[in-house]
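Going by UniProt numbering, the letters in the sequence shown line up with residues 1 to 327, in that order.
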Amino acid sequence: MRLGVIDVGSNTVHLLIVDAHHGAAPIPATSHKILLRLSEHVDDEGCIDDAGAADLSRFVAECLEVAEDHGAEEILAFATSAVREAPNGEQVLTRVREETGVDLRVLSGEDEARLTFLAARRWAGWSAGKLLVIDIGGGSLELTLGDDEDPDIAKSLLLGAGRTTRELLPADPPSAQQIKEARRYVRATLAKEIRPYAKASAPRHRARHEQDDALAGSPGRCRAERRRALRHPAPASGRRHRDDRAHHPDDRPRAGRTTRGVGIAVAPDPRRRHRRRGRHGPARGRGADDLPVGAARGSAAALPRPHVLTPADRGRPTGEVYARRHA
């Protein structure tokens, strides 16, 4: 059957239509993505404002039209952190249902983490062994670890890239003190939750996922990229205004990216782009500057097992899903 799935995230509304058959891999038919930035329509009390609710309803209706045009027989619609954490989330869901007829299902943080882990397991396969999956979204951060399709440990933390930037780095550009305090907060928050992961054995593979990038990367290629990153460390990112960074020829983010936080990550190295000329796969705008707070969380997640995430990962794009086999 042809199935349509609508994913309402903190930054985008994404429709994926697949041909799904029991016992077989789903075959993507088409994809439609709309930039919503729902996290920017949140007031001081955490409620989604009227403009945000109206945009959400309109975008869901647009996804519904696209799905019908492509012959989708059934629609599944899910909402994650932005709607889940909003005090008026039920009112927003009711409005969407009345205006579009689509019943959005809100995933809990743990369910979101478990489904992401399942996707990573299907991608990496059983031979990958134990997997550690870090899903850095706009509103939340999910950590999962396990050997099977269902993770042994699943955590969802309010450390999404957009949320962390908005709440901890209000200045533009942020001051050195704000950056320091943001790092301290992220590390302290992760330290409370990291013990179950630290007690578990080291994973043979590691996978990371971010909501609006395609799956990319193979074990061999990732090892080579890490070696290159260690030989040619990327320059530290300067504290520039986000508009300056968006138009900088060397490290501008891609159009339609998530909240453009600054200051906690390293910028993309233009030398890497020169080396990648003529190669296949993701190239310019790979995103180290797009989600800098995500890079900070990645390095902090290594506590107290620094071998889980290496220093080279600090400059790598958060939108890449990959697995690495330990020697």
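Using N, Cα and C, we set each Cβ at its ideal position, and we do this for glycine too.
Note that the structure is predicted; figures quoted are calculated from it, not measured.
Taking 8 Å as the cut-off, the beta carbon of SER10 is found closer than this to the beta carbon of ALA82. With a cutoff of 8 Å on beta-carbon distance, ALA171 and GLN178 are scored as near each other. Here ALA20 has MET1, LEU3 and PRO26 as same chain residues with Cβ atoms under 7 Å from its own Cβ, once five neighbours each way along the sequence are excluded. With respect to the 8 Å criterion, GLY162 and GLY138 are classified as neighbours on the basis of their beta carbons.
Rounded to the nearest angstrom, the gap between the Cα atoms of SER31 and ALA198 is 38 Å. Across the structure, THR12 and GLY23 are spaced so that their CA atoms are roughly 30 Å apart.
Contact between ASP135 and THR116 holds: CB atoms are separated by about 5 Å, below the 8 Å threshold. Under the three-state reduction of DSSP output, THR116 falls in the helix class.
DSSP places PRO87 in the coil class of the three-state scheme, outside both helix and strand. DSSP, reduced to helix, strand and coil, places VAL5 within a strand of the structure shown. Going by DSSP, THR164 is part of the alpha helix (DSSP H) stretching over 161 to 168. Beta-bridge partners of ALA77 (DSSP): ILE6. If you draw a straight line from the Cα of SER39 to the Cα of LYS180, it is about 24 Å long. Shortest Cα-Cα distance from ILE194 to any of LEU169, ARG166 and LEU132 involves LEU132.
Three or more Cβ pairs closer than 8 Å define a contact, and the segment 95 to 114 meets that threshold against the segment 55 to 64. Exposed is the label assigned to GLY46, since fewer than 16 other Cβ atoms lie within 10 Å of its Cβ.
According to the DSSP assignment, LEU35 belongs to the beta strand (DSSP E) that extends over 27 to 35.
In the structure shown, VAL102 falls within a coil segment according to DSSP collapsed to helix, strand and coil.
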